[in-house]
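A.B. asks: Protein chains in written order, with the working numbering: chain E, 4 to 358; chain A, 4 to 358; chain Z, 4 to 358; chain X, 4 to 358. Beta carbons are placed, not taken as given, at the ideal position from N, Cα and C, and that holds for glycine. This structure is a prediction, so every number in the text was calculated from the model and none was measured. Structure in structure tokens, see below.
4 protein chains.
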Amino acid sequence: MATGKRFKAAVVGGSGYGGAEMIRRLLVHPDVELVRVASIDFVGEPLAAADPALEQVTDLVFEGIPPGEAAQGVDVVLLGLPHTVAASKLAEIAAASPTVKVVDMSGDFRLKDVASYERWYKHTHPCPERLKDFVYGLPELNREAIRKARFVASPGCFATTIELALLPLARAGLLEGVVHVQGITGSSGSGVAPSAGTHHPVRAGNLRTYKPLEHQHVPEITETLALAGARDLQLRFVPVSAPLVRGILATAFVELPEEWTPARLEALYRETYAGEPFVRVPRKRLPEVAAVSGSNHAEVGVAAGAPRNGRRTVTLFGATDNLVKGGAGQAIENMNLMLGLDEKASLADPGPWPP
Amino acid sequence: MATGKRFKAAVVGGSGYGGAEMIRRLLVHPDVELVRVASIDFVGEPLAAADPALEQVTDLVFEGIPPGEAAQGVDVVLLGLPHTVAASKLAEIAAASPTVKVVDMSGDFRLKDVASYERWYKHTHPCPERLKDFVYGLPELNREAIRKARFVASPGCFATTIELALLPLARAGLLEGVVHVQGITGSSGSGVAPSAGTHHPVRAGNLRTYKPLEHQHVPEITETLALAGARDLQLRFVPVSAPLVRGILATAFVELPEEWTPARLEALYRETYAGEPFVRVPRKRLPEVAAVSGSNHAEVGVAAGAPRNGRRTVTLFGATDNLVKGGAGQAIENMNLMLGLDEKASLADPGPWPP
Amino acid sequence: MATGKRFKAAVVGGSGYGGAEMIRRLLVHPDVELVRVASIDFVGEPLAAADPALEQVTDLVFEGIPPGEAAQGVDVVLLGLPHTVAASKLAEIAAASPTVKVVDMSGDFRLKDVASYERWYKHTHPCPERLKDFVYGLPELNREAIRKARFVASPGCFATTIELALLPLARAGLLEGVVHVQGITGSSGSGVAPSAGTHHPVRAGNLRTYKPLEHQHVPEITETLALAGARDLQLRFVPVSAPLVRGILATAFVELPEEWTPARLEALYRETYAGEPFVRVPRKRLPEVAAVSGSNHAEVGVAAGAPRNGRRTVTLFGATDNLVKGGAGQAIENMNLMLGLDEKASLADPGPWPP
Amino acid sequence: MATGKRFKAAVVGGSGYGGAEMIRRLLVHPDVELVRVASIDFVGEPLAAADPALEQVTDLVFEGIPPGEAAQGVDVVLLGLPHTVAASKLAEIAAASPTVKVVDMSGDFRLKDVASYERWYKHTHPCPERLKDFVYGLPELNREAIRKARFVASPGCFATTIELALLPLARAGLLEGVVHVQGITGSSGSGVAPSAGTHHPVRAGNLRTYKPLEHQHVPEITETLALAGARDLQLRFVPVSAPLVRGILATAFVELPEEWTPARLEALYRETYAGEPFVRVPRKRLPEVAAVSGSNHAEVGVAAGAPRNGRRTVTLFGATDNLVKGGAGQAIENMNLMLGLDEKASLADPGPWPP
């Protein structure tokens, strides 16, 4: 069983969809060995109890151990716990060793502003003293800081998609004031627990908005894009649930000075993401979910209308797989950076076609 | 075979999805008898050749006759022909008798402005002299004119949905300048011919934008809402194709003065549609496609954000079945009005649940 | 509110999918008025609380009254209660008046043999004394008995589909011994409660068998086909859940003497169902779900292989919408027969295309 | 660009779904470098023209070169050409060098019997002289022969699934005479060209049988299982198309002596596949598509009924992803064996959850 891999990882909170995708990527990772998975569900059962695709693929079982114990002897802990639970367990994980690194997939350490967290997540923050130690895990913005970080807060799925779609504008100083955004999402974003919103008979033929103008990813996006140059960004975001499993497509509308022609905007987007391993501007089409489903790639793009009175409407698009670049894939990408590994390790698969 | 029904109808161009839905509604119509269906496809074959649900339900066959001949002896002709073909056949249909009424589902007679038509449909208009005789068939706006009309241009699917979502604002004088709209549509909107965009292996897991800021329904919406009170409306519309079969969900973003509180907006919407047989403002939820799929009902709704600097973002929602209220159902509704019948005849079915 | 309809109906247990479809058909029924809906869920709320398609379509609310009270003053009660609950409420319903008729959608009164019921439903029968009073509601087999019945047990969805596919063979004396059957079903068959098997993220891409050789519809089918002439039928039935919402496709395999050529078999099937309002043998294709989805029609068909050693394999197909002909539609059909109405009343809609 | 990989491969016929999956696996293969892709479509365009998931992932373009030229300088050619085209190009490929190996995904070299090929594929075989040189590429049956082969015919999707489900019975001498099989398939099995059967509006809600008792995979399965011990197998196979993208679920019905109890059958299945890298018998559930979608794993299982007159009905199940273990994944698996590599190279990914 000695794999000879250089690093050891533990997953804490491994029975959800984020856990499944992290476990999958770790099992085929060339440099990091998954040594244990802690969970309060399925204790003592094989990982296949939560993810049937793992049937007879690994001998690991879900262990009903405290997070601090799970963190013993590993180089990195990947947290797949729910919001507020993640923060409540951080102290004991950090105490397991002075060097254990943590990638957290929850929303607990993404916002620097405790008040904002408590307003949007409607909960007292369980561990505000650690907020300053966390780096926001969007490599396209914070790659060097992530490399040096001990703690990384991996971004949310809508947040990743919208941030990547707007980042070039923020950096160019073009993002200011009210911006309208619609994000459309697949059902896996709702998680592993069956509910009315994911009941197949209704979901399969439905388009439905929820939490319009009130989604908890808004402050995360606003904080992040402010760091990149956005000024007083007022994101007006309407999410829609659609009948697919994996994927998010986001559309943002902004009004820009007419000198921002389609060609100039496209050049800005290409330049911003030149050299990025996981973000691309498709050459002959706009971003679409099928192209990124199952992979860690994001697609971004831009379309601009005719000028009028000195301004033109510009629409920005982003597409991701919410469980990969919008979730567990990006968590692995962050782990790779934190451990000094190839950022693409275990993430190079371009994904299936058709998805 | 004498049905004793009071009126006779012919469908011209009956082998597409619009034709199928019109035929279905006519077959169960209490007052209008479908006497023939003309088509250039499936000539001589039962209607079930195009719509398997009609197997052994009717003895009618597709007749390969000219539109003018199809119009002989009927009270009303329903046109399910493609754009430009509809207009090119109108003269001979109108000549069949001085009283035959026509409901056209194509885009040919929706725009009053020939130049606009030719710019958006990229085709010389085949019958511009008749444009002035057509009434735009949105009953919520033009009911009385439709009742008296000989010719009605039935609205497009995106157009119907967006117009109903914005009509209350237009009437209240609140619609002006740039408005951002996203519309998400099912695959039946692409019609009966297989294509890359409706190929199941890709469509089933995709979200994809197309024609952003360039959709041909934009001028139709702009003209219509101007009649209702919109001023210099600049619609910026981005359509998205999603993996469901029937349904459109539209979201519009506008910035209004802060005195337009959520409660006041909801009251405006309820008041506008009070008494309307086919448009409703759901009481405890926002519009969703599953609720209207398979029925002639549209749902509209509103959500508003917190005020800031004297203004607030307001989002307007509309949901329809693109083939019913957004297509053939509304064509039947127009026919009912033109013939002096109950507007709801053959359209009262609330639709399936789950859809 | 006086509708002038000749009969009055109550639905008891109206918050599930069967209830929704019965309510929908009653609301557009020309001769039967739905006067109340009893339920233990959503008490006091509009029917739209369970079926959003009914929003503002009716003023009825769910009433939290006992079944016996719900049966007061109506001509017919339609039961949409779960198995065992239906039987436990029958006595009080029957006592409401000496003439009230009952159509039961549950499995409680389908089997004549109490021991069989208790073996398959794993429950003591709550009302065995009434079994003899119930007629099995498959009109193609029992139409005249249904017309005279006070109590009808409406068939199950798999049962209806398989029985219709095999009925011609049973009548022709060709059904004997072991028969292999696979039935594939949509997710609405699992009912309104979210569960792991109907969770959209997994269901949307899955094909999964369940209860192979153990489904509770087997004795119902065996009893019914025995009445039609089957001898010692041993049905070996494997159900499969598939990612669609509505519809069942069943395939049965039998070995017949070679003189049963494809042409002779097709003639047998056509003859059996000639004149049936809701069962058809498609002319140029085999049964398919899309053709019957949303309608009360069933399709049946046959394909036969080459002969070998005096015998040939024959495959029989059946397709229904599990909620209509396989459920609530057939319940309404039975009600129509019991009340002496047109069997097709409120069921004539051929259904949508595409579905 | 020197990758340092030990072997070089070319794909010929790379613009279909089989090609896309082979290319994907080669791009992440540790030991085999994809050096070129020949195609008659998309010549000169990036591979992303056919598979958007490859956008900016590789610099390769589709080359419009003859197959013989494509085979120059490579160790292995993977053929993704249509039936009959593959065979017509084999001679020139084989002539490229005396050592170039070939894995063919078409049906051209699977049947040893030319007459059978010509009856089922309705075409004169273009290269019958090479039939004897091909090994049938089912590793679970022919692993050692594949290792030594120069030419391998990779199995069909239904064939793989059904063969794996029945192989243990064949080996145990239990497979004889008539066997009934139903196979349910996703839409990707129909390939990349849009058609009526894969048109989303209809496919999304349909279950439809096609070619009942006439599918061209039947002789392939019969020949293969005969080699494993089946006697006079008469496969009666009915395929069904279902609304998912990837995956096949097959169910076979056989009648066995009653001493073949469920426990004994399960032991037989476990024993047969113990040690197999890509076939598993799930421990606590039956095979399902979601568990294998996107991976090279197959699942098989068995359920048995109660005995009667000395015999019992036994049902055998198989599940695969038709494009991976049922197609291109198995082609790569064969390539790995032929090149002396780890059979699991580039195929170890357990696949996504949810799929």
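Could you check how far apart the C-beta atoms of A:A74 and A:A13 are, in whole angstroms? I think they sit under 8 Å.
C.D. replies: By one-based count along the second sequence, residue 74 of chain A stands at place 71. By one-based count along the second sequence, residue 13 of chain A stands at place 10. Right, their Cβ atoms sit about 6 Å apart.
A.B. asks: For E:S244, which of helix, strand or coil comes out of DSSP?
C.D. replies: Taking the first sequence and counting its residues from 1, one reaches residue 244 of chain E at position 241. Strand at E:S244.
A.B. asks: I'd like to know if A:Q333 contacts chain E, where contact means its C-beta is closer than 7 Å to some C-beta of that chain.
C.D. replies: Your numbering for residue 333 of chain A matches position 330 in the second sequence. With 7 Å as the cut-off, A:Q333 does not count as an interface residue toward chain E.
A.B. asks: Taking only the alpha-carbon atoms, compute the straight-line gap between E:P242 and A:V303 and give it to the nearest angstrom.
C.D. replies: If you number the first sequence from 1, residue 242 of chain E lands on position 239. If you number the second sequence from 1, residue 303 of chain A lands on position 300. Between E:P242 and A:V303, the C-alpha separation is close to 17 Å.
A.B. asks: At a CB-CB cut-off below 8 Å, which residues of chain E make contact with Z:A199?
C.D. replies: Numbered from 1 along the third sequence, position 196 holds the residue referred to as residue 199 of chain Z. Per Cβ cutoff of 8 Å: P197.
A.B. asks: Let me check you understand the geometry: is the CB of Z:T127 closer than 6 Å to at least one non-hydrogen atom of the ligand MG?
C.D. replies: Of the ligands one can find in the structure shown there are none, so the ligand MG has no counterpart to examine.
A.B. asks: Which residues in chain Z have a C-beta closer than 8 Å to the C-beta of X:I187? List them in chain order.
C.D. replies: By 1-based counting over the fourth sequence, the position of residue 187 of chain X is 184. Within chain Z, the residues near X:I187 are I187, L210, V243 and A245.
A.B. asks: If you reduce the DSSP assignment to three classes, tell me which class Z:H203 lands in.
C.D. replies: Within the third sequence, residue 203 of chain Z is the residue found at index 200, counting from 1. The answer is helix: DSSP assigns Z:H203 an H, G or I state.
A.B. asks: Is the distance from the Cβ of E:D78 to the Cβ of E:K8 below 7 Å?
C.D. replies: Within the first sequence, numbered from 1, the residue matching residue 78 of chain E stands at position 75. Within the first sequence, numbered from 1, the residue matching residue 8 of chain E stands at position 5. Going by C-beta atoms, E:D78 is not nearer than 7 Å to E:K8.
A.B. asks: For X:E147 and X:A51, I'd like the C-alpha separation in whole angstroms.
C.D. replies: As a working note, residue 147 of chain X is residue 144 in the fourth sequence. As a working note, residue 51 of chain X is residue 48 in the fourth sequence. Taking the straight line joining both Cα atoms gives about 36 Å.
A.B. asks: Taking Z:E291 as the reference, give the member of Z:P142, Z:V40, Z:L247 and Z:R122 with the closest Cα.
C.D. replies: For the purposes of this step, residue 291 of chain Z is taken as residue 288 along the third sequence, with counting starting at 1. Looking at the Cα atoms, Z:L247 is the closest of the given residues.
A.B. asks: Exposed or buried, E:V117, counting other C-beta atoms within 10 Å across all chains shown (16 or more means buried)?
C.D. replies: Translated into the one-based positions of the first sequence, residue 117 of chain E becomes position 114. Label assigned to E:V117: exposed.
A.B. asks: Please confirm whether X:S42 has its beta-carbon closer than 7 Å to some beta-carbon of chain A.
C.D. replies: The count along the fourth sequence starts at 1 and reaches residue 42 of chain X at position 39. Cβ-Cβ to chain A under 7 Å: no for X:S42.
A.B. asks: Give the secondary structure of Z:M4 by DSSP, where H, G and I count as helix, E and B as strand, and everything else as coil.
C.D. replies: As a working note, residue 4 of chain Z is residue 1 in the third sequence. With a pLDDT of only 46 at Z:M4, under the threshold of 50, the placement of this residue in the model should not be trusted; the figure read from the coordinates follows. Coil, per DSSP.
A.B. asks: Is the CB of X:S190 under 7 Å away from at least one CB in chain A?
C.D. replies: Taking the first residue of the fourth sequence as position 1, residue 190 of chain X is located at position 187. By this cut-off, X:S190 is an interface position.
A.B. asks: Could you round the C-beta distance between A:L190 and A:S119 to whole angstroms and report it? I think they count as a contact, below 8 Å.
C.D. replies: Locating residue 190 of chain A in the second sequence gives position 187, where the first residue counts as 1. Locating residue 119 of chain A in the second sequence gives position 116, where the first residue counts as 1. The residue you asked about is not Leu; residue 190 of chain A is Ser in the sequence shown. In fact, because the Cβ distance is near 28 Å, the residues do not count as touching under 8 Å.
A.B. asks: Under three-state DSSP, which class holds Z:G330?
C.D. replies: Numbered from 1 along the third sequence, position 327 holds the residue referred to as residue 330 of chain Z. Helix.
A.B. asks: Does DSSP classify E:V135 as helix, strand or coil?
C.D. replies: In the first sequence, the residue the question calls residue 135 of chain E occupies position 132. The identity of residue 135 of chain E in the sequence shown is Lys, whereas the question assumes Val. The answer is helix: DSSP assigns E:K135 an H, G or I state.
A.B. asks: Can you give, in chain order, each stretch of the alpha helix (DSSP H) that sits fully within the stretch 210–266 of chain A and has at least 4 residues?
C.D. replies: Counting whole runs of 4 or more residues, the stretch 210–266 of chain A contains the alpha helix (DSSP H) stretches 221–230.
A.B. asks: How about Z:W356: is its C-beta nearer than 7 Å to some C-beta of chain A?
C.D. replies: Working through the third sequence from its first residue, we reach residue 356 of chain Z at position 353. So yes, Z:W356 belongs to the interface.
A.B. asks: Under 7 Å between beta-carbons, which chain A residues line up against X:R206? List them in chain order, please.
C.D. replies: For the purposes of this step, residue 206 of chain X is taken as residue 203 along the fourth sequence, with counting starting at 1. Near X:R206 (Cβ distances below 7 Å), the residues of chain A are H203.
A.B. asks: Could you check if X:L230 is buried or exposed, using at least 16 other CB atoms within 10 Å of its CB as the buried criterion?
C.D. replies: Translated into the one-based positions of the fourth sequence, residue 230 of chain X becomes position 227. Answer is exposed; the Cβ neighbour count stays below 16.
A.B. asks: Compare the C-alpha of Z:G71 against each of Z:S18, Z:V40, Z:V195 and Z:A233 and name the closest.
C.D. replies: Numbered from 1 along the third sequence, position 68 holds the residue referred to as residue 71 of chain Z. Comparing Cα-Cα distances from Z:G71 to each of Z:S18, Z:V40, Z:V195 and Z:A233, the minimum goes to Z:V40.
A.B. asks: Check whether the Cβ atoms of Z:A175 and Z:A255 lie closer than 7 Å to each other.
C.D. replies: For the purposes of this step, residue 175 of chain Z is taken as residue 172 along the third sequence, with counting starting at 1. For the purposes of this step, residue 255 of chain Z is taken as residue 252 along the third sequence, with counting starting at 1. Contact flag unset, no.
A.B. asks: Does the beta carbon of A:V248 come closer than 7 Å to any beta carbon on chain X?
C.D. replies: Within the second sequence, numbered from 1, the residue matching residue 248 of chain A stands at position 245. Taking Cβ atoms only, chain X reaches closer than 7 Å to A:V248, which makes this a yes.
A.B. asks: Give the residues from the stretch 53–67 of chain E that approach chain X closer than 9 Å (Cβ to any Cβ), ordered along the chain.
C.D. replies: Those would be A53, D54, P55, A56, L57, E58, Q59, V60 and T61, in chain order.
A.B. asks: Please name the residue in Z:V257, Z:P310, Z:S193 and Z:R267 whose C-alpha comes closest to that of Z:N325.
C.D. replies: Residue mapping note: residue 325 of chain Z aligns to position 322 of the third sequence, counting from 1. The shortest Cα separation from Z:N325 among Z:V257, Z:P310, Z:S193 and Z:R267 belongs to Z:S193.
A.B. asks: Tell me the rounded alpha-carbon separation between A:V327 and A:P260.
C.D. replies: Here residue 327 of chain A is taken as the residue at index 324 of the second sequence, counted from 1. Here residue 260 of chain A is taken as the residue at index 257 of the second sequence, counted from 1. C-alpha separation (whole angstroms): 35 Å.
A.B. asks: Could I get the ranges of all uninterrupted beta strand (DSSP E) runs contained in the stretch 286–319 of chain A, with 3 residues as the minimum, in chain order?
C.D. replies: With a minimum length of 3 residues, the continuous beta strand (DSSP E) runs that stay inside the stretch 286–319 of chain A are 301–307.
A.B. asks: How would you call X:D235, buried or exposed, if buried means at least 16 neighbouring beta carbons within 10 angstroms?
C.D. replies: In the fourth sequence, counting from the first residue as 1, residue 235 of chain X sits at position 232. When all chains shown are included, X:D235 counts as exposed.
A.B. asks: State whether the stretch 148–158 of chain A contacts the stretch 103–115 of chain A, with contact taken as three or more CB pairs (one from each stretch) at a distance under 8 Å.
C.D. replies: Verdict: yes, contact present.
A.B. asks: Measure the alpha-carbon distance for E:V38 versus Z:P204 and round it to whole angstroms.
C.D. replies: Position 35 of the first sequence, counting from 1, holds the residue named residue 38 of chain E. Position 201 of the third sequence, counting from 1, holds the residue named residue 204 of chain Z. If you take the alpha carbons of E:V38 and Z:P204, they lie about 28 Å apart.
A.B. asks: Give the residues from the stretch 17–32 of chain E that approach chain X closer than 8 Å (Cβ to any Cβ), ordered along the chain.
C.D. replies: Residues Y20, A23, E24, R27, L30 and V31.
A.B. asks: What residue ranges within the stretch 162–200 of chain E form continuous beta strand (DSSP E) runs of no fewer than 3 residues, ordered along the chain?
C.D. replies: Entirely contained in the stretch 162–200 of chain E, the beta strand (DSSP E) runs reaching 3 residues are, in chain order, 179–188.
A.B. asks: Residue range of the beta strand (DSSP E) that Z:A89 falls in?
C.D. replies: Numbered from its first residue, the third sequence carries residue 89 of chain Z at position 86. No beta strand (DSSP E) contains Z:A89, which is instead part of the alpha helix (DSSP H) from V88 to A97.
A.B. asks: Rounded to the nearest angstrom, what separates X:A294 and E:L57 at their Cα positions?
C.D. replies: The residue given as residue 294 of chain X occupies position 291 in the fourth sequence. The residue given as residue 57 of chain E occupies position 54 in the first sequence. About 8 Å.
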